[in-house]
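Numbering (this note's numbering), first residue to last: 547 to 912. Virtual Cβ for every residue (Gly too), placed ideally from N, Cα, C. Okay, so here's the structure we're looking at.
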Amino acid sequence: MQRKAKRMRAEIIRITDCKKCRREILRAGELLRAGELVAFPTETVYGLGGNALDQNASKKIYQAKGRPSDNPLIVHIAEVESLAKIVVDVPEKVRRLAEACWPGPLTVILPKNGRVPYETTGGLDSVAVRMPDHPVAMALIQAGGGFVAAPSANTSGRPSPTLASHVAEDLGWAIPMILDGGPVGIGLESTIVDFTEEIPTVLRPGAVSLDELRGYVGEVRLDRGLLREDAGIRPKAPGMKYRHYAPKAELTIMAGTDEAVARAINRRIQEGEAARKKVGVLCVSENAALYRGGVCRCIGSRSDGEAIARNLYRCLREFDECQVDAIYSEAFEAPRIGPAIMNRLLKAAGRRVIRCTDEGDEEERK
Ligand code: AMP
Ligand code: MG
Numbered sequence: 547m548q549r550k551a552k553r554m555r556a557e558i559i560r561i562t563d564c565k566k567c568r569r570e571i572l573r574a575g576e577l578l579r580a581g582e583l584v585a586f587p588t589e590t591v592y593g594l595g596g597n598a599l600d601q602n603a604s605k606k607i608y609q610a611k612g613r614p615s616d617n618p619l620i621v622h623i624a625e626v627e628s629l630a631k632i633v634v635d636v637p638e639k640v641r642r643l644a645e646a647c648w649p650g651p652l653t654v655i656l657p658k659n660g661r662v663p664y665e666t667t668g669g670l671d672s673v674a675v676r677m678p679d680h681p682v683a684m685a686l687i688q689a690g691g692g693f694v695a696a697p698s699a700n701t702s703g704r705p706s707p708t709l710a711s712h713v714a715e716d717l718g719w720a721i722p723m724i725l726d727g728g729p730v731g732i733g734l735e736s737t738i739v740d741f742t743e744e745i746p747t748v749l750r751p752g753a754v755s756l757d758e759l760r761g762y763v764g765e766v767r768l769d770r771g772l773l774r775e776d777a778g779i780r781p782k783a784p785g786m787k788y789r790h791y792a793p794k795a796e797l798t799i800m801a802g803t804d805e806a807v808a809r810a811i812n813r814r815i816q817e818g819e820a821a822r823k824k825v826g827v828l829c830v831s832e833n834a835a836l837y838r839g840g841v842c843r844c845i846g847s848r849s850d851g852e853a854i855a856r857n858l859y860r861c862l863r864e865f866d867e868c869q870v871d872a873i874y875s876e877a878f879e880a881p882r883i884g885p886a887i888m889n890r891l892l893k894a895a896g897r898r899v900i901r902c903t904d905e906g907d908e909e910e911r912k
């Protein structure tokens with residue numbers, strides 16, 4: 547702990563009101579303009595921002611996160627009109643979608659123009675763009691020049707940050723400033739839609755659902771790599787091929803009826819205790835009483851998908867803090883945001899799922 551505290555470099559600035567904190571935001575914007583990095587809150591997760599039009603700033607982002615340099619960054623803008631300044635063309639469909647969903651948790655991918663360096667797009671000829679729905683993010687993007695490349699502000703591979711303290715834990719030693727806007731609202735990364743394809747394709751599910759997208763742009767399909775990752779299909783979003791969102795201990799998803807899952811997890815807690823291993827359990831609050839021992843974290847009520855989304859990454863990080871040896875999670879069903887929750891949970895689990903039935907448990911890969 548002490549070593550970490552000594553190495554902390556970042557100034558952490560609490561922003562409660564953008565108007566009152568105008569000077570701090572301008573100072574953060576100056577850092578961005580000078581090629582430095584600033585972490586900031588958005589409505590999805592905290593982002594690690596750098597000037598998207600500055601190749602050296604993008605290189606710094608990869609370095610700070612330990613992110614593979616072929617994993618492109620999302621460019622954040624503060625006005626819909628900025629989109630046209632960094633892409634070849636804005637098709638009518640995209641304009642309509644952006645008008646409807648921005649600011650909000652939606653990222654679109656289009657062919658880039660020459661203003662966007664390849665360092666920002668991981669060498670691709672397309673660029674991912676989003677306008678975040680958060681006053682601090684908006685104010686910072688404006689102060690920083692209008693185009694801010696920002697992946698999630700975590701060490702690559704770890705659960706994304708939903709609190710400023712998560713950012714400080716992972717990157718506090720590597721960056722000069724963190725803007726603390728309190729807990730984020732959604733807690734999962736944006737929906738990504740690729741418009742470089744004939745039919746718009748969802749590369750990452752998020753809070754904007756497939757049905758909503760179809761309502762705005764008509765036919766939309768899901769990237770095949772999203773549907774089954776073990777079929778040897780390369781996901782189109784380079785980032786989706788990496789282990790992601792993961793706590794340090796091995797995570798396994800337990801699927802089945804509440805009773806069968808509780809029985810299977812309780813057996814593992816007992817076996818863990820016998821072997822002096824700490825077992826973590828992630829469950830909905832309605833089921834907490836079913837588990838005997840272990841380190842139990844309630845993710846929220848089963849009827850509240852938004853709470854489950856908001857709490858997922860924090861709970862995974864708390865298991866790290868408790869230094870559990872293994873984690874077992876229930877599978878979570880929720881309307882709208884449900885596919886995004888299960889997408890992240892499956893990735894964090896390396897797609898390890900155990901189906902629990904009265905007859906016994908069986909491992910399957912999703
Ligand atoms: P993060 O920045 O951590 O939220 O991750 C951004 C995601 O967007 C990664 O999975 C990237 O692979 C994906 N992405 C960004 N730009 C592109 C692009 N031009 N084409 C395909 N996927 C992209
Ligand atoms: Mg990320």
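Apply the 10 Å Cβ neighbour rule to residue i and answer buried if 16 or more other Cβ atoms are within range, or exposed otherwise.
i: Ala-674; result: buried
i: Asp-769; result: buried
i: Asn-889; result: buried
i: Gln-548; result: Only weak support is given to the placement of Gln-548: the predicted model assigns it a pLDDT of 45, under 50, and the value that follows is read from those uncertain coordinates. It is exposed - the Cβ of Gln-548 has fewer than 16 other Cβ atoms within 10 Å.
i: Lys-566; result: exposed
i: Pro-614; result: exposed
i: Asn-597; result: buried
i: Asp-776; result: Residue placement at Asp-776 cannot be trusted, given a pLDDT of 47 that sits under 50; what the coordinates show is reported in the next sentence. Exposed, because fewer than 16 other Cβ atoms sit within 10 Å of the Cβ of Asp-776.
i: Met-554; result: exposed
i: Glu-638; result: exposed
i: Asp-716; result: buried
i: Ala-624; result: buried
i: Thr-588; result: buried
i: Arg-569; result: exposed
i: Ile-811; result: buried
i: Glu-908; result: exposed
i: Ala-630; result: exposed
Start and end of the beta strand (DSSP E) containing residue i?
i: Ile-900; result: 898-903
i: Ala-872; result: 872-876
i: Phe-586; result: 584-586
i: Asp-726; result: 723-726
i: Gly-595; result: 593-597
i: Thr-798; result: 796-801
Going by CA-CA distance only, name the one from the options that's closest to residue i.
i: Ile-854; options: Ile-887, Val-633 and Pro-663; result: Ile-887
i: Arg-560; options: Leu-725, Ala-895 and Glu-852; result: Leu-725
i: Asp-866; options: Pro-881, Ala-894 and Pro-885; result: Ala-894
i: Ala-714; options: Ala-610, Gly-650 and Pro-881; result: Ala-610
i: Phe-693; options: Gly-771, Arg-661 and Ala-835; result: Arg-661
i: Gly-752; options: Ser-702, Gly-851 and Val-621; result: Gly-851
i: Gly-731; options: Ser-831, Gly-771, Ala-630 and Leu-858; result: Leu-858
i: Val-640; options: Cys-842, Val-766 and Thr-903; result: Val-766
i: Pro-618; options: Leu-583, Lys-605 and Pro-587; result: Lys-605
i: Glu-864; options: Ala-795, Lys-658 and Arg-838; result: Ala-795
i: Pro-885; options: Asp-740, Val-682, Leu-772 and Ala-580; result: Leu-772
i: Glu-744; options: Cys-842, Val-763 and Val-626; result: Val-763
Since residue i is in the alpha helix (DSSP H), which residue starts that stretch and which ends it?
i: Ala-674; result: Here Ala-674 belongs to no alpha helix (DSSP H); instead the beta strand (DSSP E) covers 672-676.
i: Ile-687; result: 681-689
i: Leu-891; result: 884-894
i: Val-763; result: 756-763
i: Asp-716; result: 710-717
i: Cys-861; result: 851-867
i: Asn-602; result: 601-611
i: Arg-573; result: 568-579
i: Ile-811; result: 804-820
i: Cys-647; result: 638-647
Report yes if the C-beta distance between residue i and residue j is below 8 Å; otherwise report no.
i: Ala-685; j: Cys-564; result: yes
i: Ile-721; j: Ala-556; result: yes
i: Leu-578; j: Gly-728; result: no
i: Thr-737; j: Thr-798; result: no
i: Ala-834; j: Cys-844; result: yes
i: Thr-701; j: Gly-612; result: yes
i: Leu-783; j: Leu-749; result: Per the sequence shown, the amino acid found at residue 783 is Ala instead of Leu. For Ala-783 and Leu-749, yes; Cβs fall inside 8 Å.
i: Ala-699; j: Leu-572; result: no
i: Asp-871; j: Lys-912; result: no
i: Ile-687; j: Met-800; result: no
i: Ala-806; j: Cys-902; result: yes
i: Ile-655; j: Asp-740; result: yes
i: Ile-632; j: Asn-602; result: no
i: Val-584; j: Met-723; result: yes
Would you mind giving the Cβ-Cβ distance between residue i and residue j, rounded to the nearest angstrom? I have them listed as a contact below 8 Å.
i: Val-591; j: Thr-708; result: 6 Å
i: Ser-755; j: Arg-897; result: No, Ser-755 and Arg-897 are not in contact; Cβ-Cβ is about 22 Å, not under 8 Å.
i: Pro-793; j: Pro-705; result: 6 Å
i: Arg-848; j: Glu-832; result: 5 Å
i: Val-827; j: Gly-818; result: In fact, because the Cβ distance is near 10 Å, the residues do not count as touching under 8 Å.
i: Gly-761; j: Ala-696; result: With 8 Å as the limit, Gly-761 and Ala-696 do not qualify as a contact, their Cβ atoms being about 28 Å apart.
i: Ile-929; j: Tyr-837; result: Lying outside 547 to 912, the shown extent of the chain, residue 929 is not represented and no answer is given.
i: Val-636; j: Pro-657; result: Actually they do not touch by this definition, with Cβ atoms about 11 Å apart.
Spell out whether any CB of chain D is found under 8 Å from the CB atom of residue i.
i: Val-730; result: Reference to chain D is not applicable here, since this structure consists of a single protein chain.
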